[in-house]
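One structure below.
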Amino acid sequence: MEILRDCGSVACWQVAEQTMKSCRYVNVYLNRLRKHGIAAKRDGFWFLTDFGEYLTSLLSRDYRNNRNNRNRYNTNITQGQHKYNTNITLESRRSLKQTSLEVWLKDSDLNEAEKRVVEVLVDHYNKTGSKFLYFHTVYDIAEKFQIKPDQVNEVLMKLKQDHIVYSLKDRAHNAFKIGLYKAFVELLAKS
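What the sequence shown shows, in my numbering, is residues 558 to 748, in sequence order.
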């Protein structure tokens, strides 16, 4: 109907071309419009009747109003959700405690390499709120924690055994994921 309204008199094949439908399909549709008094055919060209013009103007006005209302409604939902998410993010940032290692390191029986791994991860957690880091190779791990590459496996196994640090191969990112256990972070936050 919009094509008939916008173009005036149009042949069936032109409507089919604009709608990317078959001529047969468009012809059936146009004949149904003619049956209801919305469209008429003269000399092989289709056009809207006065009733069709009126109906098209009503439909386009309703469509515009509904679209505006829908956009307004969706915007209100989005803004409300954004405000809620922002409040939660701000609260979590405010409540993020700077975990202190001094007390824990004093009582621990870890060697220097293990302490460095824990210090780097806790420092990363204090800065970003993320309890883990990703690494592509063992050499990246050794460089970040300033330990020898042949010590990496031994150090991580000891920390995992003590339930301080976990390490796993993340297949989704094709990387090693090394992080602090949640219980360990909570223990540091309490002290």
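Virtual Cβ for every residue (Gly too), placed ideally from N, Cα, C.
Asked: Of all the options Glu559, Leu590 and Asn588, which has the alpha carbon lying nearest to the alpha carbon of glutamine 575?; Found: Glu559
Asked: Please classify phenylalanine 741 as buried or exposed, where buried requires at least 16 other C-beta atoms within 10 Å of its C-beta.; Found: buried
Asked: Is it buried or exposed for valine 585, if we count other Cβ within 10 angstroms and need 16 for buried?; Found: exposed
Asked: Looking at the strands, I want to know which residues DSSP matches up with leucine 725.; Found: Lys734
Asked: Please look up how many angstroms separate the CB atoms of leucine 615 and arginine 562, rounded, as I've assumed it's under 8 Å.; Found: With 8 Å as the limit, leucine 615 and arginine 562 do not qualify as a contact, their Cβ atoms being about 12 Å apart.
Asked: In the DSSP assignment, find the unbroken beta strand (DSSP E) run with lysine 701 in it and report its ends.; Found: No beta strand (DSSP E) contains lysine 701, which is instead part of the alpha helix (DSSP H) from 695 to 702.
Asked: For leucine 605, does the three-state DSSP call read helix, strand or coil?; Found: strand
Asked: For leucine 745, does the count of other Cβ atoms within 10 angstroms reach 16, so buried, or fall short, so exposed?; Found: buried
Asked: Looking at phenylalanine 602 and valine 567, is the spacing between their C-beta atoms short of 8 Å?; Found: yes
Asked: Can you find the residues in the same chain that come closer than 6 Å, C-beta to C-beta, to leucine 590, ignoring five residues on each side of it along the sequence?; Found: Ala596
Asked: Just to confirm my understanding: we take arginine 651, look at its own chain, exclude 5 residues before and 5 after, and list those with CB closer than 8 Å. What are they?; Found: A caution first: arginine 651 carries a pLDDT of 44, below 50, which makes its placement in the model too unreliable to give a value.
Asked: Taking DSSP as the reference, what is the three-state secondary structure of lysine 598?; Found: strand
Asked: Among the residues of its own chain, which have a CB less than 8 Å from the CB of histidine 720, if the five just before and after it don't count?; Found: Tyr738, Ala740 and Phe741
Asked: Note down, in chain order, each residue of its chain lying with its Cβ closer than 6 Å to the Cβ of valine 695, except the 5 sequence neighbours on either side.; Found: Pro706 and Val709
Asked: What does DSSP give as the partner residues of leucine 690 in its beta bridges?; Found: Ile735
Asked: Using the Cα positions of arginine 673 and lysine 684, report the straight-line distance between them to the nearest angstrom.; Found: 16 Å
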